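If you're matching positions, the sequence shown starts at 131 in my numbering and goes up one per residue.
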Amino acid sequence: MTGALLLASQAHAADSYPRLGGVLISNPKNYYDASYQADIAKLNVAVLGMYPGWGKDQGTSPEQAVKQIKSRNPNTKIFLYVIGESLRYPVNPAWATLGKTVDAQRWWLYGADGKSKVLSDFGKDSYVLNITPYSKPDANGLHFNQWFANHVAQEMGATTPSADGLFTDNVFWKPRRDGDWNGDGKVDSQNSATVQKYYRQGYVQYIDALRPRMPGKLQIANVADWGRPQADITEYKGKWNGGIIEHIKDSNGWDAMMAQYRKTMAAFAAPKLGLFHYEADPKDYRSMRYGLASCLMDDGYFAFSNDNGVYSGVIWFDEFDAKLGNAVSAPATKPWQKGVYRRDFENGIALVNPKGNGAQEVTLEEDFVTIKGKQAPTVNTGQKVRKIRLEDRDGIILLRPNPVKRPAAPSGIVVESSS
């Protein structure tokens, strides 16, 4: 496994910027469509919402579709969706064995009466599962989390060997519902530090059971709340190879958003496949540039979704075709000029003007070139520039007229060593 993770880390290092991800788990799940496959293959990392038996009616399978995508781009990393946090009831026939086993073993989260299943965040027909080490073990001594790891490794991992691993949804730092988490007949508060630790310990048992069943594969998760200031993720550090920082936004300011981003990235094991999941109107190009430039201030993968809440289809922007190459400066943690942040790459730079900084004009040390685009032609003109005006909450990618492998960094930019 160590050798496999080393190879994965080396593959990650080869991913040039901008790094792109896709959260593609909503209907239609037409991953057999050739045009959709071509779009997915343009991404570095993609999460697909397949399930046991997916594609049967179309004469295909998850393995066949994944192989077809990878035939277009062998470097696209593909992860398959699973969830152990909750389950719809009645259970989807695709997961019939899971539903029957959960019922038989009483692995739901119950209320104080020991009979009432606890509703999940998903709504009226979805109920919480007891992922903690306190679920009652089965005849083989397995708790739900361990049994579930074995089950998804068999149902999804073994049947789709061309996939790079699994994406486990809703690996929260704390539970989102009260319930009898430790099986003593009393309702435990989701806000109890003890209960929160039970919850994280349960997911650690899960991932520790999953890895030996899927040797050489990477494991990522929905880590939406790991970066919150109050989140205790001690048990999670180094356990997942990446994850989706879902719904990341600057509601509490750009600094708070970036602190969430950095805290989460720091918790991942190599190759740190962190997806900076940003939602906006696809026609709001300034907002998209702001999100992309913010993502480029660290080493994550920009995963854009339409703000209508639908996670399907690859939305492409002119900036995605910019070939920035490798980063030549460290992730930007301090402003470069007039409150504007900058990061340097072999073939260009990214600038971001944080929310609340006001419109700013910055002066570059040499000429750069704006990308040539059709979506925002007044911004992406393809012209040489020495001064750039950025509106409040804005960003931009600029290219070097004469790219070099290791350009000298301007004042205030820290260049990474080549070792």
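Even for Gly, the Cβ is constructed at its ideal location relative to N, Cα and C. In this text the structure is predicted, and so the values were computed from the model without any measurement.
**Prompt:** Should the region 484-504 be called in touch with the region 431-439, which here means at least 3 C-beta pairs below 8 Å?
**Reply:** Contact between the region 484-504 and the region 431-439 is absent, because fewer than three Cβ pairs lie under 8 Å.
**Asked** For the candidate residues Ile155, Pro148, Ser146, whose alpha-carbon lies nearest to that of Val440?
**Response** Nearest option by C-alpha distance: Ile155.
**Asked** Quick one: any contact between the region 355-362 and the region 390-404, if contact means 3 or more CB pairs under 8 Å?
**Response** At 8 Å Cβ cutoff, the stretches touch.
**Contained beta strand (DSSP E) runs [length at least 3] in the region 471-543, N- to C-terminal order** = Correct list: 471-475, 478-483, 490-500, 514-520, 524-529.
**Prompt:** Taking contact to mean at least 3 C-beta pairs separated by less than 8 Å, is the region 407-423 in contact with the region 520-532?
**Reply:** Yes, the region 407-423 touches the region 520-532.
**Asked** By Cβ distance below 8 Å, which residues in the same chain neighbour Gly152 in space, the five residues on each side in sequence not counted?
**Response** In the same chain as Gly152, and ignoring 5 residues on each side of it, the C-beta atoms closer than 8 Å to its own belong to Ile170, Leu173, Val175, Ala176, Val177, Ala433, Val444, in chain order.
**Message:** Here's a check: name, in chain order, each residue in its chain whose Cβ is nearer than 7 Å to the Cβ of Ala361, leaving out the five neighbours to either side.
**Reply:** Taken in chain order, the residues that qualify are Trp303, Asp355.
**Message:** Threshold first: 4 residues or longer. Then list the alpha helix (DSSP H) segments lying entirely within the region 150-212, N to C.
**Reply:** Entirely contained in the region 150-212, the alpha helix (DSSP H) runs reaching 4 residues are, in chain order, 164-170, 192-202.
**As assigned by DSSP and simplified to three states, the class of Lys245** = When secondary structure is reduced to three states using DSSP, Lys245 falls in the coil class, being assigned neither helix nor strand.
**Message:** Determine whether the beta carbon atoms of Gly478 and Leu454 lie at a separation below 7 Å.
**Reply:** Yes; because the gap between Cβ atoms is below 7 Å, this pair is in contact.
**Boundaries of the beta strand (DSSP E) in which Ser299 is found, first to last residue** = Inspection of the sequence shows that residue 299 is occupied by Asp rather than by Ser. Its beta strand (DSSP E) spans residues 295-299.
**Nearest-angstrom beta carbon gap, Ser265 and Trp237 [assumed within contact, 8 Å]** = In this structure Trp237 is in contact with Ser265, their Cβ atoms being roughly 5 Å apart against a cut-off of 8 Å.
**Prompt:** Where do the N-terminal and C-terminal ends of the alpha helix (DSSP H) with Arg218 fall, by residue?
**Reply:** Looking at the DSSP string, Arg218 is not in any alpha helix (DSSP H); the run it does join, the beta strand (DSSP E), is 216-218.
**Request:** Tell me the start and end of each unbroken alpha helix (DSSP H) in the region 434-477 that is at least 4 residues and wholly inside, in chain order.
**Result:** The qualifying runs do not exist here; there are none.
**Prompt:** If you scan the region 271-319 from start to end, which runs of the beta strand (DSSP E) of 3 or more residues do you find wholly inside it?
**Reply:** Along the length of the region 271-319, whole beta strand (DSSP E) runs at least 3 residues long occupy 295-299, reported in chain order.
**Request:** Return helix, strand or coil for Ile337, following the three-state DSSP convention.
**Result:** Secondary structure at Ile337: helix, using DSSP grouped into helix, strand and coil.
**Request:** Report yes if the CB atom of Thr511 is closer than 7 Å to the CB atom of Thr500, and no otherwise.
**Result:** The beta carbons of Thr511 and Thr500 sit closer together than 7 Å.
**Message:** How far does the alpha helix (DSSP H) with Lys393 in it extend, from its first residue to its last?
**Reply:** Lys393 -> alpha helix (DSSP H) spans 384-397.
**Message:** For the alpha helix (DSSP H) containing Gln349, name the first residue and the last one.
**Reply:** It is not in any alpha helix (DSSP H) - Gln349 instead sits in the beta strand (DSSP E) that spans 348-352.
**Message:** Measuring straight from C-alpha to C-alpha, what distance separates Glu496 and Arg516?
**Reply:** Glu496 and Arg516 have their C-alpha atoms roughly 6 Å apart.
**Message:** So, under 8 Å CB-CB, Tyr240 and Gly332 are touching, yes? Tell me the CB distance rounded to an integer number of Å.
**Reply:** Going by Cβ atoms, the distance from Tyr240 to Gly332 rounds to 16 Å, so no, they are not a contact pair.
**Message:** Taking its Cβ as the centre, do 16 or more other Cβ atoms sit within 10 Å of Ala143, making it buried, or is it exposed?
**Reply:** Any reading at Ala143 needs caution, since the residue's pLDDT is 48, under 50, leaving its predicted position unreliable; the model's value is listed next. Per the 10 Å Cβ criterion, exposed.
**Through-space distance from Tyr219 to Tyr161, alpha-carbon basis** = For Tyr161 and Tyr219, the distance between alpha carbons rounds to 26 Å.
**Prompt:** Which residue comes first and which comes last in the beta strand (DSSP E) that contains Asp414?
**Reply:** Neither: Asp414 is in no beta strand (DSSP E) and is coded neither H nor E.
**Asked** Opposite Val258 in the DSSP bridges: which residues?
**Response** When beta bridges are read from the DSSP output, Val258 appears opposite Ser216.
**Asked** Rounded to whole angstroms, how far is the Cβ of Leu210 from the Cβ of Met286, which I believe are closer than 8 Å?
**Response** A Cβ-Cβ distance of about 5 Å is found for the pair Leu210 and Met286, placing them in contact under the 8 Å criterion.
**Asked** Is Ser104 buried or exposed, if buried means 16 or more other CB atoms sit within 10 Å of its CB?
**Response** Not covered by the structure: residue 104. The range shown for the chain is 131 to 549.
**Request:** Identify, in the order they occur along the chain, each residue of the same chain with its Cβ nearer than 8 Å to the Cβ of Ser417, setting aside the five sequence neighbours on each side.
**Result:** Excluding positions up to five away in sequence, the list reads Ala410, Asp411, Arg523.
**Asked** So Gly229 is in the alpha helix (DSSP H); what residue range does that whole segment cover?
**Response** Looking at the DSSP string, the run of the alpha helix (DSSP H) that includes Gly229 is 226-235.
**Message:** Can you tell me whether Tyr366 is helix, strand or coil according to DSSP?
**Reply:** In this structure, Tyr366 counts as helix in the three-state DSSP scheme.
**Request:** Flag this pair as touching only if the region 342-352 and the region 363-383 have three or more C-beta atom pairs under 8 Å; answer yes or no.
**Result:** Yes, since at least three Cβ pairs between the region 342-352 and the region 363-383 fall closer than 8 Å, the two stretches touch.
**Message:** Check this for me: beta carbons of Val325 and Asp318, under 7 Å apart or not?
**Reply:** In contact: Val325 and Asp318 (Cβ atoms closer than 7 Å).
**Request:** State the beta-bridge partners of Tyr147 as determined by DSSP.
**Result:** Partner(s): Gly455.
**Request:** Would you tell me roughly how many angstroms separate the C-alpha atoms of Ser139 and Gly346, rounded to the nearest one?
**Result:** Unreliable placement is indicated for Ser139, whose pLDDT of 38 sits below 50; no coordinate value is reported for it.
**Prompt:** From this set, Ile518, Phe274, Lys159, Gly503, which residue's C-alpha is nearest Glu449's C-alpha?
**Reply:** Taking only the C-alpha atoms, the option nearest Glu449 is Gly503.
**Request:** Would you identify the three-state DSSP class for Gln140, choosing helix, strand or coil?
**Result:** Any reading at Gln140 must be qualified, since the residue scores a pLDDT of 40, below 50, and its modelled position is unreliable; no value is offered.
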